[in-house]
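Residue numbers (the numbering used here): 7 to 453.
Heads up, the beta-carbon is just placed ideally off N, CA and C, and yes, glycines get one too.
Remember, it's a predicted structure, so these values are computed and weren't measured experimentally.
Here it is as structure tokens:
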């Protein structure tokens, strides 16, 4: 009797284990099939988008009407963005495919910037037309390579999961058609990206980030960089400071400093420009204790810190508390005009009021021309461009960067609509609505 019960229990256990294993296998297969379907969809969508991109670029070359060209370029931007998204959904984290992604980003950036400007007043230049021709040519080559891969995938019933496995295990020795095909696409893109066919206007987009134009003065030495760091951070002089200079390939030469004080629990990191010795950024990694000062007091100390280090003409724009730290943003102000691109961010510890984070990168990189322009419109005329339901609380003049990354003088309005607060910028010359942002609710302060 006992023997029969044991046998029955064993049979039930074996059957149960088998059923559990079968369910596990089925669930695993379902997950793999779902992932494979997503990869297949993303790849075929990518091939379709590149096909469409090539056709749309060709259509823009044939256009002569500015009214038709702007929406056509906007469509190119949309397609390039969707293609970029499709690339990001493929299992290519271990396969260098950054040139293709960069190429799609450049197409999107070029087409967007051209589409949003007034082509009646600023028509395409000869260089921009050459850029479009080069983009059309390269999109055609990429399209052909993707079509070849697509044909082989469909003909041989290839799986993207095999690609992911091959990349993860570095097993690329076999005839992996997908990997070989995508490498051919990347090589093609690299050829066109480095080609002079793209012209100066396209190269300008890639190199748009300006250097530290405000960092003027003679080159400083490593010892001078140490002295500047000690003065800026209020150090005692007993700290160990390691200084390294940026490589020759860097756009701007600077010194990176790592500062260690034996009695502290965290190091301090800082970058200083080689020309003039301007602090770029600094970060103190020490642990922050419980708050002892308010957000308001932290803002006052931040402003005093700026004045003490000859950063004059700034006003507080934003203050927020995160845990035990005040995060502050100061912007340059001249004759009541806020210059938002010239900003300095700062972190102040609420346990003792010391600055534990600082960055002047935006300020040092800004090249807003002076004197600032005068508004063409009156503030009353600018107000008429606003939503009539908006209740205006504050108004001022401000300089911002528009979608073309050009500085524009605007009227800035702070207003409420329902329970929400909005910040709006109306171009002071044209009356165009340059930017609208919904402001977040104010964080609680410690008093």
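Is it buried or exposed, residue i, if we count other Cβ atoms within 10 angstroms and call 16 or more buried?
i, result
"residue 328", "exposed"
"residue 337", "buried"
"residue 181", "Model confidence at residue 181 stands at a pLDDT of 49, short of 50, so the residue's coordinates are unreliable and nothing is read from them."
"residue 445", "exposed"
"residue 277", "buried"
"residue 433", "buried"
"residue 152", "buried"
"residue 435", "exposed"
"residue 85", "buried"
"residue 73", "exposed"
"residue 227", "exposed"
"residue 66", "buried"
"residue 124", "exposed"
"residue 186", "exposed"
"residue 288", "buried"
"residue 234", "buried"
"residue 244", "exposed"
"residue 405", "buried"
"residue 188", "buried"
"residue 344", "buried"
"residue 77", "exposed"
"residue 39", "exposed"
"residue 219", "exposed"
"residue 297", "buried"
Taking C-alpha atoms, which residue in the options lies nearest to residue i?
i, options, result
"residue 44", "94, 85, 373, 383", "94"
"residue 299", "347, 360, 121, 279", "360"
"residue 319", "334, 164, 308, 339", "339"
"residue 221", "159, 77, 435, 279", "279"
"residue 242", "115, 267, 260", "267"
"residue 42", "312, 163, 301", "163"
"residue 380", "331, 414, 334", "414"
"residue 81", "120, 48, 292", "120"
"residue 110", "52, 229, 411", "52"
"residue 429", "396, 225, 407", "396"
"residue 304", "259, 352, 75, 161", "352"
"residue 54", "150, 137, 127, 126", "150"
"residue 83", "411, 218, 317, 60", "60"
"residue 237", "374, 159, 311, 75", "311"
"residue 427", "398, 412, 273", "398"
Residue j and residue i - do their beta-carbons sit closer together than 8 Å?
i, j, result
"residue 63", "residue 142", "yes"
"residue 378", "residue 400", "no"
"residue 295", "residue 354", "no"
"residue 366", "residue 285", "yes"
"residue 50", "residue 156", "yes"
"residue 290", "residue 362", "yes"
"residue 92", "residue 145", "no"
"residue 281", "residue 223", "yes"
If contacts are defined as beta-carbon pairs under 8 Å, then residue i and residue j qualify, I think. What distance do you get, rounded to the angstrom?
i, j, result
"residue 56", "residue 113", "That pair is no contact at about 10 Å."
"residue 325", "residue 347", "So it is not a contact: roughly 20 Å between Cβ atoms."
"residue 232", "residue 249", "6 Å"
"residue 342", "residue 402", "6 Å"
"residue 417", "residue 385", "6 Å"
"residue 192", "residue 106", "6 Å"
"residue 356", "residue 331", "6 Å"
"residue 408", "residue 439", "Wrong, their Cβ atoms sit about 11 Å apart, outside the cutoff."
"residue 424", "residue 391", "About 20 Å separates the two Cβ atoms, so there is no contact after all."
Point to revise | Inside the region 236–293 only - alpha helix (DSSP H) runs reaching at least 4 residues | key: The region 236–293 contains no complete alpha helix (DSSP H) run of 4 or more residues.
Check your understanding: Unbroken alpha helix (DSSP H) runs of length 4 or more, entirely within the region 36–102: which are they?
Key -> Whole alpha helix (DSSP H) segments, 4+ residues: 72–94.
Practice item. Just list the beta strand (DSSP E) runs in the region 336–380, keeping only unbroken ones of 3 residues or longer that don't cross its boundaries, in chain order. Key: Listed in chain order, the beta strand (DSSP E) runs fully inside the region 336–380 are 343–355, 361–365, counting runs of at least 3 residues.
Point to revise | Every unbroken beta strand (DSSP E) within the region 389–425, with a cutoff of 3 residues, ordered by chain | key: Fully enclosed beta strand (DSSP E) runs of no fewer than 3 residues occupy 397–407, 413–423 of the region 389–425, in order along the chain.
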